[in-house]
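Asker: Quick one: this structure, given as structure tokens, is what I'll be asking you about.
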Amino acid sequence: MKFHQTALAVTIGLAAAFAPAAAMAQGDYPSRPINLIVPFSPGGTTDIIGRLIASGLEEELGQPIAVENRAGAGATVGSAVAASADPDGYTLLLSNSASHGVSPAVYSNLPYDPVADFDHIALLGQVPQYLIARNSLGIDTIDGLIDEARAHEGEFNIGTAGEGSMGHLASELLMMEAKIDMALIPYKGTAGATQGLLSGEVDIVFSNPPSARPLVDADEVKLLATTGEKQEEAYPDVPTFRDSGMPDFVTYAWYGLSAPAGTPDEIVQKLNESVLNVLEDEELQGRLRELGVTIPPPYSPQEFTDFVERNVKSFSAIADAAGIHLD
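As structure tokens, this is what we get:
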């Protein structure tokens, strides 16, 4: 009996000794530099957004934040590294619609679960896609495109950034929603698809705002529609797909901040509050708008987690209906 009482006393004593230390460690967070994994190559939109957020968080948290680019396999390589890191708040991930939306929809054997393996912290921004057409096509509106595609079935084609890309899923959704049939021409990236459009190899392309806006503004391509919930401020005369009679056609590229599952709630909450403070900076907002990023209302960690889960389901529904499975 004394043995059990002694063992119990030792257990309670150890718990009491370690609990304040753990609480103190979390209360002092962050006490050393943080690593932010960006699962794309340097120089692209995702990388730029990651570095802007990292810079703001450095000022907010008072610790350096190192951006580590871990690109590959539809943003899944870097995401897998983040998922397996220690859940101590010192490894974060710039989660996004590729790693936590499109890739889970088209790959069945990912090395991580986009919801269960992460503590999702905050949604940073969303970017609609632009449907652009080559000028020589002679079509100025989305309704005109649909009418011509129905009248000349199989004669139009769509360039995409590759199989399983955001543009691929948007193209499939367009054909399903508009009840038209077009040939899909995959390229290696958005730049390749855009060049194919300019050279006349393809008729239309779903592109991102940073790539499409200079071409639209220079009248080198025609902007037919956007995939957001609202019209773009820069192009008030261009409808959304929702405006054009396709209420379910709303897709965004999005960017967020996530951590490995099991990160202490206090740290997740502190990071959420810090991110929301960073996003209030007017200079940062201007930089993000230049990239075509819309800053959403403040999301709590639970609201962002629910958002990710809905995103996976919506992209999976498109992939399943179109039969897009890459493994």
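So in the working numbering the end of the sequence shown lands on 327, straight run, no missing numbers.
C-beta atoms are modelled at their ideal positions from N, C-alpha and C, and glycine is treated no differently.
#1: Report the residue from Asp88, Gln63, Ser99, Pro30 whose alpha carbon sits nearest the alpha carbon of Gly78.
#2: Please tell me whether Gly257 and Ile53 are closer than 8 Å, where the distance is taken between their beta carbons.
#3: Sort Leu284, Thr91, Leu174, Leu94 by Cα distance to Ala322 and report the nearest one.
#4: Per the DSSP calculation, Ala253 is bridged to which residue(s)?
#5: Quick one: is Asn96 buried, meaning 16 or more other Cβ sit within 10 Å of its Cβ, or exposed?
#6: For the region 113-160, which segments carrying the alpha helix (DSSP H) assignment without a break, of at least 4 residues, lie completely within its bounds, in sequence order?
#7: Starting from Pro296, trace the beta strand (DSSP E) both ways and give me its first and last residue.
#8: Would you say the beta carbon of Arg150 comes nearer than 7 Å to a heavy atom of the ligand COA?
#9: Could you pull out every residue in the same chain whose Cβ sits closer than 7 Å to the Cβ of Val308, ignoring the five residues on either side in sequence?
#10: Can you tell which of Gln63, Arg213, Val221 has its C-alpha closest to the C-alpha of Asn35?
#11: Nearest to Val329 by CA position, among Tyr29, Ala122, Phe40, is which residue?
#12: Quick check on Pro297: buried or exposed, where buried means 16 or more other Cβ atoms within 10 Å of its Cβ?
#13: Determine the burial state of Leu92: buried for a count of at least 16 other Cβ atoms within 10 Å of its Cβ, exposed for fewer.
#14: Using 10 angstroms around the beta-carbon of Pro247, count the other beta-carbons present and answer buried if the total reaches 16, otherwise exposed.
#15: Skipping 5 residues on each side, what residues in its chain have a beta carbon closer than 7 Å to that of Ala22?
#16: Reducing DSSP to helix, strand and coil, say where Glu163 ends up.
#17: Shortest alpha-carbon distance to Gln285 belongs to which of Ser103, Lys188, Ile49?
#18: In whole angstroms, what is the alpha-carbon distance linking Tyr90 and Tyr29?
#19: Among His325, Val312, Asn272, Arg289, which residue has its Cα nearest to the Cα of Gln302?
#20: How far does the beta strand (DSSP E) with Ala183 in it reach, from first residue to last?
#21: Looking at Ala225: is its Cβ nearer than 8 Å to the Cβ of Pro239?
#22: Residue range of the beta strand (DSSP E) that Ala212 falls in?
#23: Just how far apart, CA to CA, sit Tyr112 and Ile139?
#24: In the DSSP assignment, the beta strand (DSSP E) including Thr240 goes from what residue to what residue?
#25: Residues in the same chain with beta-carbon distance under 6 Å from Val202, minus the five sequence neighbours each way, listed in chain order, please.
#26: Looking only at C-alpha atoms, which of Asp243, Ala317, Met166 sits nearest to Lys329?
#27: Helix or strand or just coil, what does DSSP make of Lys222?
#28: In the DSSP output, which residue or residues are listed as bridge partners for Pro260?
#29: Can you grab the Cα-Cα spacing for the pair Glu148 / Ile204, in whole Å?
Answerer: On the basis of the data shown:
#1: Cα-wise, what sits closest to Gly78 is Ser99.
#2: Residue identity differs from the one stated: residue 257 is Leu in this sequence, not Gly. The answer is yes: Cβ separation under 8 Å.
#3: Leu174
#4: According to DSSP, which records beta bridges pairwise, Ala253 is partnered with Val127.
#5: buried
#6: 142-151
#7: No residue range can be given for Pro296, since it is assigned to no beta strand (DSSP E) and is classified by DSSP as neither H nor E.
#8: No copy of the ligand COA occurs in the structure displayed, which carries no ligand at all.
#9: His100, Pro114, Val115, His120
#10: That would be Gln63, whose Cα lies nearest to the Cα of Asn35.
#11: It is not possible to answer for residue 329, since the shown part of the chain is limited to 1 through 327.
#12: exposed
#13: buried
#14: Looking at its Cβ environment, which holds fewer than 16 other Cβ atoms inside 10 Å, Pro247 is exposed.
#15: Its pLDDT being 45, under 50, Ala22 is placed unreliably in this model, and the value from its coordinates should be taken loosely. Closer than 7 Å at Cβ, skipping near neighbours: no residue.
#16: Glu163: coil per DSSP, three-state reduction.
#17: Ile49
#18: 9 Å
#19: Asn272
#20: Where Ala183 is concerned, the enclosing beta strand (DSSP E) stretches over 183-186.
#21: yes
#22: Careful: Ala212 lies outside any beta strand (DSSP E), inside the alpha helix (DSSP H) at 209-217.
#23: 43 Å
#24: Taken as a continuous stretch (DSSP letters only), Thr240 belongs to no beta strand (DSSP E), as it is neither H nor E.
#25: Spatial neighbours of Val202 in its own chain (CB-CB distance under 6 Å, excluding positions within 5 residues in sequence) are listed in chain order as Asn157, Gly159, Ile185, Gly196.
#26: Nothing can be reported for residue 329: it is not among the residues displayed for the chain, which extend from 1 to 327.
#27: strand
#28: Phe118
#29: 13 Å
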